[in-house]
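To keep things clear, I will list the structure first and then write my remarks on it.
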Amino acid sequence: MSELRDFVADLLERRGAAVEVIDPDGLEVLAPAPLQKTMGWPELARLGFGAQRSEGAFAIRLEGDWLDRFGALLAEEGHWSERELKPAAAVPPPSDPERVLERALDLPNAVWRFKAMTPTFTRCLLLSFRYTAVSDEKREGLIQIGFNIGTGAVVTEILARLRPVLAQVSDWQVPTPTVKLAAGPGWSAATTTARVRPLLDTQVRESMEPFLRAMRRRLERDRNRVHACHDDLRNSSLKRLAALERAEGDRAEADRRRETLRVEAIEREYRAKLDDLRHNYALRVTVEWVQALDLYVPVQRFEVLIRRRKGERIIRLDWHPLVRAAEPPLCEAGLGRERTRLVCDDKLHLTEPAGQAPCRSCTKPFCRACFPAACPRCGNRNDLDAPLE
Ligand SMILES: [Zn+2]
Ligand SMILES: [Zn+2]
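Everything in the sequence shown is counted per my numbering, starting at 374 for the first residue and increasing by one.
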């Protein structure tokens, strides 16, 4: 239980309490008034974390409403955190920078030249989102997205590989001012939103795909069952009607009317059942932001000259010593999860191949980074990513 005890002690101290460890399973807390109110404690409270409840102590467990109250104390603060991470032992820079770039860069329509490699710090933003999809069943999932703010690259994979390293380092080191200065400023809310939205949409969709497939299968099965059952009833009524077609007299007329009404009733019920199914399987998806971590890490920053026709441009690309890997190059249009980039003629933007594709309407190729809204020739919107259905 000592992890929970330490967490609680740390949190309470940050909220102005004086905390003393009285035994391995107990804390004594002198709480300021606002904290007393939130937690429902007297000024001096004893907290017990052990299996045995000690006299006069509040028993803190991982279950129960205590965690909710601690969560309330964390409030917004728990959503945002920053941390600096250093390798345990110095990692030498890559001995052959050109080889690193050969693996990192795939530029079919441009050439590149290595210019420089400098050790520095960068700031990586790791965002976590939770989605909940509800139809006849419920599915929840966690989506993580990572950016290197210093280069603009999507580094979700690099950060995924960093996570075990993070878990091993128990010391939470707050970034020093020098490191923060070297890493540079963060993004504006508008930039962050613009970068996050398409990636988040795509990743939520991909993550939900097995759930949606299973849901469609169940819907299909139910629809077939409802159809088969009503079809049988309707067919036997229609057969009876056909048999009555030539019959004459009042009795036959009454039978015909009854069967006709029956067929109408069956059709009505079939439509109602389909409506029920549609309602039952309607999909509602909510996505909420859970957490953001600003991670300050050392990098070897590559400067690379990109050349296309008569144009030239320098881009940055980081090699991450903590995972000994280069990140994918920045991508100025499209998701940029693969490494291949096409370079545009005018501004030498790096985009994913679809970012330079022919216009869907007039077939003239154009750069989606130069013209994000629509094709410059015909004005057709050429969205790279379809919105969430
Ligand atoms: Zn461009
Ligand atoms: Zn066009």
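Glycine residues also receive a C-beta, built at the ideal position from the N, C-alpha and C atoms.
Determine whether the beta carbon atoms of Val716 and Ala483 lie at a separation below 8 Å.
Position 343 of the sequence shown, counting from 1, holds the residue named residue 716. Position 110 of the sequence shown, counting from 1, holds the residue named residue 483. Yes, they are a contact pair.
Inter-residue spacing [alpha-carbon to alpha-carbon] between Val569 and Asp649
Locating residue 569 in the sequence shown gives position 196, where the first residue counts as 1. Locating residue 649 in the sequence shown gives position 276, where the first residue counts as 1. The straight-line gap from Cα to Cα measures roughly 36 Å.
Less than 8 Å between C-beta atoms, sequence neighbours within five positions excluded: which residues of the same chain meet that for Arg596?
The residue you call residue 596 lines up with position 223 of the sequence shown. Taken in chain order, the residues that qualify are Leu647, Leu650.
Compare the beta carbon distance of Leu708 and Ser508 with 8 Å and say whether it is the shorter of the two.
The count along the sequence shown starts at 1 and reaches residue 708 at position 335. The count along the sequence shown starts at 1 and reaches residue 508 at position 135. Taking 8 Å as the Cβ cut-off, Leu708 and Ser508 do not qualify as a contacting pair.
Rounded C-alpha distance that separates Arg607 from Val599:
Numbered from its first residue, the sequence shown carries residue 607 at position 234. Numbered from its first residue, the sequence shown carries residue 599 at position 226. C-alpha separation (whole angstroms): 12 Å.
Given 8 Å, three or more beta-carbon pairs between the segment 719 to 729 and the segment 554 to 573
no
Among Ala463, Ala526, Phe487, Leu515, which has the Cα closest to the Cα of Thr659?
Mapped onto the sequence shown, residue 659 falls at position 286. Closest option to Thr659, Cα to Cα, is Leu515.
Contact the segment 686 to 699 vs the segment 515 to 535: 3+ CB pairs below 8 Å
With contact defined as three or more Cβ pairs closer than 8 Å, the segment 686 to 699 and the segment 515 to 535 are in contact.
Which of the three DSSP states is assigned to His693 in this structure?
Counting from one through the sequence shown, the residue named residue 693 turns up at place 320. Note: His693 maps to strand in three-state DSSP.
Roughly how many angstroms lie between the CA atoms of Asp379 and Thr551, to the nearest whole one?
For the purposes of this step, residue 379 is taken as the residue at position 6 of the sequence shown. For the purposes of this step, residue 551 is taken as the residue at position 178 of the sequence shown. Whole-angstrom Cα-Cα distance: 29 Å.
Going by Cα to Cα distance, which pick from Leu474, Ser609, Arg714, Leu668 is closest to Gly559?
Stepping through the sequence shown from its first residue, residue 559 is reached at position 186. Comparing alpha-carbon positions, the option among Leu474, Ser609, Arg714, Leu668 lying closest to Gly559 turns out to be Leu668.
Taking all protein chains shown into account, decide if Arg714 is buried (16 or more other Cβ within 10 angstroms of its Cβ) or exposed.
Walking along the sequence shown from the start, residue 714 turns up at place 341. Its Cβ being crowded by 16 or more others within 10 Å, Arg714 is buried.
If you count every other CB in all the chains shown that lies within 10 Å of the CB of Glu428, and 16 or more means buried, which is it?
Taking the first residue of the sequence shown as position 1, residue 428 is located at position 55. Classification for Glu428: exposed.
Bridge partners for Met490 per DSSP, in chain order?
In the sequence shown, residue 490 corresponds to position 117, counting from 1. Answer by DSSP bridge pairing, in chain order: Phe675.
Opposite Leu403 in the DSSP bridges: which residues?
Position 30 of the sequence shown, counting from 1, holds the residue named residue 403. Per DSSP, Ala391, Leu417.
Using a Cβ-Cβ cut-off of 7 Å (strictly less than) and excluding sequence neighbours within five positions of Thr493, which residues of its own chain qualify?
Here the question's residue 493 lines up with position 120 in the sequence shown. These residues qualify, in order along the chain: Ala555, Val672, Arg674.
Just how far apart, CA to CA, sit Leu417 and Pro583?
To locate residue 417, count along the sequence shown from 1; it is residue 44. To locate residue 583, count along the sequence shown from 1; it is residue 210. Straight through space, the alpha carbons of Pro583 and Leu417 are spaced by roughly 52 Å.
Determine the closest residue to Glu455 out of His652, Ala665, Leu377, Gly557, with distance taken between C-alpha atoms.
Working through the sequence shown from its first residue, we reach residue 455 at position 82. The option with the nearest alpha carbon to Glu455 is Ala665.
Of the choices Glu642, Ala615, Ala645, whose alpha-carbon is the least far from that of Ala632?
By one-based count along the sequence shown, residue 632 stands at place 259. The sequence given here places Glu at residue 632; Ala does not occur at that position. Considering only alpha carbons, the answer is Ala615.
Using the Cβ count rule (16 or more neighbours within 10 Å means buried), how would you classify Ile687?
Sequence index remark: in the sequence shown, residue 687 carries index 314 (1-based). Burial state of Ile687 is exposed, judged by a 10 Å Cβ sphere holding fewer than 16 other Cβ atoms.
Among Thr575, Ile522, Gln546, which residue has its Cα nearest to the Cα of Thr564?
The sequence position of residue 564 within the sequence shown is 191, counting from 1. The shortest Cα separation from Thr564 among Thr575, Ile522, Gln546 belongs to Ile522.
If you compare alpha carbons, which of Phe422, Ser501, Ala746, Arg472 is closest to Gln576?
By 1-based counting over the sequence shown, the position of residue 576 is 203. Of the listed residues, the one whose Cα sits closest to Gln576 is Ser501.
Apply the 10 Å Cβ neighbour rule to Glu626 and answer buried if 16 or more other Cβ atoms are within range, or exposed otherwise.
Along the sequence shown, one-based indexing puts residue 626 at 253. With fewer than 16 Cβ atoms within 10 Å of its Cβ, Glu626 is classed as exposed.
With H, G and I counted as helix, E and B as strand and the rest as coil, what does DSSP make of Ser454?
To locate residue 454, count along the sequence shown from 1; it is residue 81. If DSSP states are grouped into helix, strand and coil, Ser454 belongs with the strands.
Measuring only the C-alpha atoms, how far is Gly519 from Gly525?
Residue 519 sits at position 146 when you count from the first residue of the sequence shown. Residue 525 sits at position 152 when you count from the first residue of the sequence shown. Distance between the alpha carbons of Gly519 and Gly525 is about 10 Å.
Taking the alpha carbon of Asp604 as the reference point, which residue from Ser734, Tyr643, Met588 has its own alpha carbon closest?
Numbered from 1 along the sequence shown, position 231 holds the residue referred to as residue 604. In this structure, Tyr643 is the residue among Ser734, Tyr643, Met588 with its C-alpha nearest to the C-alpha of Asp604.
What residue from Phe744, Glu700, Pro465 has the CA that sits closest to Cys497's CA?
Mapped onto the sequence shown, residue 497 falls at position 124. The shortest Cα separation from Cys497 among Phe744, Glu700, Pro465 belongs to Glu700.
Helix, strand or coil for Glu762 per DSSP?
Taking the first residue of the sequence shown as 1, we reach residue 762 at position 389. With a pLDDT of 32 at Glu762, under the threshold of 50, the predicted position of this residue should be treated as unreliable, and no value is reported.
Would you check if the distance between the CB atom of Cys704 and the CB atom of Glu685 is smaller than 8 Å?
Within the sequence shown, the letter at position 331 stands for residue 704. Within the sequence shown, the letter at position 312 stands for residue 685. Going by C-beta atoms, Cys704 is not nearer than 8 Å to Glu685.
Over what stretch of residues does the beta strand (DSSP E) that includes Ile516 continue unbroken?
Walking along the sequence shown from the start, residue 516 turns up at place 143. Residues 511 to 521.
From Glu593, Arg710, Cys740, Val663, residue whose alpha carbon lies closest to that of Trp453
Residue numbering aside, residue 453 sits at position 80 when the sequence shown is read from its first letter. The shortest C-alpha separation from Trp453 is found at Val663.
If you measure from the beta carbon of Arg686 to each beta carbon in chain B, is any gap under 8 Å?
Among the chains of the structure shown, chain B does not appear; only one protein chain is present.
Note down the Cα distance separating Val528 from Leu385, rounded to an integer number of angstroms.
Here residue 528 is taken as the residue at index 155 of the sequence shown, counted from 1. Here residue 385 is taken as the residue at index 12 of the sequence shown, counted from 1. About 34 Å.
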